[in-house]
Amino acid sequence: MLAAFAAEGSSDLAEATSRRRLAAILAADASGYSRLMASDEPGTVAALDCARAVFGEHIGGHQGRVIDMAGDSVLAIFETAAGAVSAALAVQEELSARAAAQHETCRMRFRIGVHLGDVIEKSDGTVYGDGVNTAARLESLADPGGVCASEAVECALRHRLQVRFEDLGEQSLKNLPQPVRAFRVAASGSGIAPAAVPQTTTAAPAGIAGGAPEPASAGEGRSHKPAIAVLPFDNMSGEAEQEFFTDGITEDIITELSRFRELFVISRNSSFKYKGQKVDVAKFARELGVQYVVEGSVRKAGNRVRITVQLIDAETDRHVWAERYDRDLEDIFAIQDEVTTAIVATLPGRVEAASRDRAARKTTANMAAYECVLTGKLLHHRSNREDNLRAQEMLERAIALDPNYAHAHAWRACVLGQRWGYNWCEDRSVLQPMVVAELQAALALDENDSDVHRIFAAVNLIYEDFEQCLYHQQRALALNPNDDLIVVQQGEILTWCGQPEEGIEWIRKAMQLNPYHPERFWGHLARAYFGCGRFAEALDAARRITTPDAAMTAFLAACHARRGDAQAAQATLAELHARWPAFRLADVGATLHYRHAADRERHLDALAQAGLRD
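Note that the numbering used here gives residue 365 to position 331 of the sequence shown, counting from 1, and the numbers run on in steps of one.
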C-alpha cells in the first residue's frame, strides 16, 4: 500500500507493473445457467451472447471497462459508483424487457453485485483484490434480475441518484473475514419487492446503529469509544403528518453519526423504544450504557420550521452543546438533509471536547485508550517538538492498553510523520519504516476507518506521493463525507495539486460543517487564496491565526509583498527574524508540498520578494 514511503524498496510493496486504486466493481452471474443449458443448449448460448452485448453496451456507456466475460459471468470496473450502479440497473431493465415475451422457465436472469473498494490493477488491465471478491460475493445475495450493493456504494450515492436502497443488514460472506453490510438496489420509480433477508445475515453488534434492538451492556465492546444515544425528536407541531419528518431527522442523525467510527452509536431500534415517553435522561443513559444523549424537537409554524438540538453529558447532567435551526419550509426533505448534516458535523467534535474534560478530571494512570488518543491529538496539534514527543508517549500508551486499536496506530503514524516533516529527529530515514509499519497496522486492523485513510493521505502528502495521497483521501471522503477534517483536507490537497479555486470551496464547506473548527483551517484557506492570486483575502484569512509559527509569519510577509506593500512586508520579516533568527528560505521549502514545480517556485519567489533569503 505504501510504495511511496520506502524509497529504498521493499518486497512488501506492489510491483512496478501494478497499482492499487479505488474503483467501483460490477460482478454478474447468470441464475440457473446449468439448468438452462441442460434444457436448451443452443437457445441458452444465443441468449448468453445477447446478454453479453447488453452488458457491453451499458458498461461502456457508463464509462466502465469490461474485465472478463468468461462463461456466464461478467466482471467490469468503473471510475465511479454512480456509473456502476447506473449500468447495472440499465442492464437489468433491458434484459427484463427482452425476456418479457419468454416463458418464465426459459428466461435468463442475472444477479449483479456492485462494490466500491480496493483493486490491484495490472498493466495488462486485469484486476484483483478484496474489492473484486466482495463484489462477487454480493452478487450471490442479489435476486435473479436484481442488484445488490455494499454499504460503501450506498454511502457514495445517497441523495445523488434516483435510486432506492433497501438495507439487508450485515452479511457474513464466504471467504471474507468481516461481515459486509448489503443493500438491495432499485430505481426510485420501481418497487423493491419484499424478500426475506438471506439466512447468512449476521446482526451488527448490539447497540450499533442498524444492529440488534437490544443495547449492549455498559462498556461492552467499546472500552475506548464514547457511547452516544439519540432520543426520538419531539414533534411539537401537534400535526400527525409532521411525525414522519421528525422521525426522519432522528433516523438520519443516527445513521450519519454511525459513520464516525470513534463513536459507539446506539441503534435506532433501541432509541425508538422511548418514543412518545417522558424520558429521564440520566436513567435513559444508564439503561443504554451511554455517556452522551442527543435530544431535540421540531416545531412547524406556517411556512417555517424550527429544529432544536442539545447534546447532554449524562454523567454530569449538563448541556455540552445546543443549537437552533430556523428554515423556510419550501422543501422539507432538503431541510432534513441540511439540518442533519449540520448537527452531525458538529456533534463528534463536541463529544470529543467533552471527553477531554472527562480525561482532565482523572489521573493519567486511569485514562482509557480513547482518552490517551484524545490527549495525543491535542498535543500533536500544537505543532512543536516537545509536545510531539509527549503525543507519541500518549499514543504508545493507548496502543499498550489496546494493541488492536486502529485509530491509535494511525495517529502514532501521524505524529511520527509530523516529526519527519519538521525534521525533529537525528535521522529521518529511521522514521520512514516506523511510519509505514504503523499505517499498515492501522489499515490491517480497520480498513473502513475513515480517519485511518485521512491520515494515510496526510502522510503521503508529506512524502509528496500524490497518487497514494489522492487514493486514500477519496477513500476517507467516501467513508465519511461529514467529517470536517476530511473535507478540509480535500481542500488542502486540491490546493497543493494546483486546483486552489476548488480548494477554497472545500475548505469553506468544512468551516460550515464545523463552526468550532481549529485555527489551522484559516491557514489552509489562506494558502488556497494565495494560489489564486487573491492576496488580500489570503492576508485576511492568515490574520485569523492568533499565534502564527515561523512559516506562517513568512507567508504573511509574502502576501504583503505580492500586494505591493513593501513596508508591511519588511516589518513582518523583521518580526520573523526577531523571533526566529535562524529561519531561512530553505526552511519554508520543507513545508511546501506543491505537485507542480511552477507553483512551488511562484510561492518561493513571493517570499524572496518579501526579503527572505537562504
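Where is the CB? At the ideal position from N, CA and C, for every residue including glycine.
Strictly by DSSP, which residues pair up with Cys-182? Gly-147 and Arg-218.
I'd like to check one pair, Tyr-326 with Asp-351: are the Cβ atoms closer than 8 angstroms? Not closer than 8 angstroms, so no.
Within a Cβ cutoff of 6 angstroms, which residues of the same chain sit near Val-343, ignoring the five residues on either side of it in sequence? Hits under 6 angstroms: Gly-330, Glu-357 and Ile-377.
Contact set for Ala-118: own chain, Cβ-Cβ below 6 angstroms, skip 5 residues either direction: These residues qualify, in order along the chain: Ala-58, Leu-60, Phe-112 and Val-148.
Between which residues of its own chain and Met-468 is the CB-CB distance below 6 angstroms, once the five residues before and five after are set aside? Excluding five sequence positions before and after Met-468, the CB atoms of its chain that fall closer than 6 angstroms to its own CB belong to Leu-450, given in chain order.
Need the endpoints of the alpha helix (DSSP H) that Asp-102 sits in, please. For Asp-102, there is no enclosing alpha helix (DSSP H); the residue is part of the beta strand (DSSP E) that begins and ends at 98–102.
Any chain B beta carbon closer than 8 angstroms to Ala-491: Note that chain B does not occur in the displayed structure, where there is just one protein chain.
Quick one, which of Arg-99, Met-103 and Glu-571 has its alpha-carbon nearest Asp-63's? Asp-63 has its Cα closest to that of Met-103, out of Arg-99, Met-103 and Glu-571.
Gln-212 by DSSP, collapsed to three states: which one? It is coil, neither helix nor strand.
Tell me whether the beta-carbon of Cys-566 lies closer than 8 angstroms to the beta-carbon of Pro-534. In this structure, Pro-534 lies closer than 8 angstroms to Cys-566 by Cβ.
Give me the Cβ distance between Ile-146 and Ala-122, rounded to the nearest whole Å; I'm assuming they're in contact under 8 angstroms. Between Ala-122 and Ile-146 the Cβ distance is about 5 angstroms, and since that is below 8 angstroms, they are a contact.
CB Val-407 to CB Leu-429, shorter than 8 angstroms? The answer is yes: Cβ separation under 8 angstroms.
By the DSSP assignment, the beta strand (DSSP E) with Thr-342 in it spans what residues? That run of the beta strand (DSSP E) goes 338–347.
For the segment 50–77, which segments carrying the beta strand (DSSP E) assignment without a break, of at least 3 residues, lie completely within its bounds, in sequence order? Those beta strand (DSSP E) runs which fall completely within the segment 50–77 and span 3+ residues are 52–65.
I need the DSSP call for Gly-567, collapsed to helix, strand or coil. The three-state secondary structure of Gly-567, taken from DSSP, is coil.
In the DSSP assignment, find the unbroken beta strand (DSSP E) run with Ser-463 in it and report its ends. DSSP places Ser-463 outside any beta strand (DSSP E); the residue lies instead in the alpha helix (DSSP H), whose first and last residues are 462–479.
Those runs of the beta strand (DSSP E) which lie wholly inside the segment 260–311 and span at least 3 residues: Runs found: 261–264.
Classify Phe-555 as helix, strand or coil using the three-state DSSP reduction. Shown here, Phe-555 sits in a helix according to DSSP, grouped into three states.
Take every Cβ of the segment 553–571, pair it with every Cβ of the segment 591–606, and state whether three or more of those distances are shorter than 8 angstroms. These segments touch.
Cβ-based burial, Ser-257 [other Cβ within 10 Å; buried from 16]: Unreliable placement is indicated for Ser-257, whose pLDDT of 42 sits below 50; no coordinate value is reported for it.
Look at the alpha carbon of Ala-476 and the alpha carbon of Ile-489, and state the distance between them as a whole number of angstroms. The straight-line gap from Cα to Cα measures roughly 10 angstroms.
For Thr-581, count the other beta carbons within 10 Å of its own beta carbon; 16 or more makes it buried, fewer makes it exposed. Which is it? Under this definition Thr-581 is an exposed residue.
CB contact flag (Gln-510, Ala-186, <8 angstroms): The sequence shown places Ala at residue 510, not Gln. Against a cut-off of 8 angstroms, the Cβ pair of Ala-186 and Ala-510 comes out as no contact.
So, at 6 angstroms on beta carbons, what are the nonlocal neighbours of Gly-537 in its own chain, with the 5 sequence-adjacent residues on each side left out? Excluding sequence positions up to five before and after Gly-537, its CB lies within less than 6 angstroms of the CB of Gly-525, Leu-528, Thr-529 and Ala-562, all in the same chain and listed in chain order.
At the level of alpha carbons, what is the spacing between Arg-132 and Val-88? Approximately 10 angstroms, taken between the alpha carbons.
Taking the continuous beta strand (DSSP E) assigned at Tyr-359, which residues delimit it? Per DSSP, Tyr-359 belongs to the beta strand (DSSP E) from 352–362.
So which of Cys-182, Trp-355, Ala-190 and Gln-196 has the shortest CA-CA distance to Ala-216? For the options Cys-182, Trp-355, Ala-190 and Gln-196, the alpha carbon positioned closest to that of Ala-216 is the one of Cys-182.
Rounded straight-line distance, which links the Cα of Asn-209 to that of Ala-335: Here the C-alpha atom of Ala-335 lies approximately 54 angstroms from the C-alpha atom of Asn-209.
Val-108 - containing alpha helix (DSSP H), residue span: Here Val-108 belongs to no alpha helix (DSSP H); instead the beta strand (DSSP E) covers 107–112.
Pair within 8 angstroms by beta-carbon distance, Leu-610 and Ala-584: Taking 8 angstroms as the Cβ cut-off, Leu-610 and Ala-584 qualify as a contacting pair.
Distance check for Tyr-628 and Asp-286, CA to CA, integer angstroms please. In a straight line, the C-alpha of Asp-286 is about 38 angstroms away from that of Tyr-628.
Looking at the unbroken beta strand (DSSP E) that takes in Ala-202, where does it start and where does it end? The identity of residue 202 in the sequence shown is Leu, whereas the question assumes Ala. For Leu-202, the enclosing beta strand (DSSP E) stretches over residues 197–205.
Does the Cβ of Arg-647 have 16 or more other Cβ atoms within 10 Å, making it buried, or fewer, making it exposed? By the 10 Å Cβ count, Arg-647 comes out exposed.
Rounded separation between Ala-403 and Trp-454 - CA only: Answer to the nearest angstrom: the Cα atoms are 25 angstroms apart.
Measuring CA to CA, which of Arg-54, Cys-84, Pro-178 and Leu-207 is closest to Lys-156? Across the set Arg-54, Cys-84, Pro-178 and Leu-207, the C-alpha of Arg-54 shows the shortest separation from the C-alpha of Lys-156.
In chain order, what residues of the same chain have a beta carbon less than 7 angstroms from the beta carbon of Arg-86, not counting five sequence neighbours either side? Excluding sequence neighbours, Arg-86 sits near Met-103.
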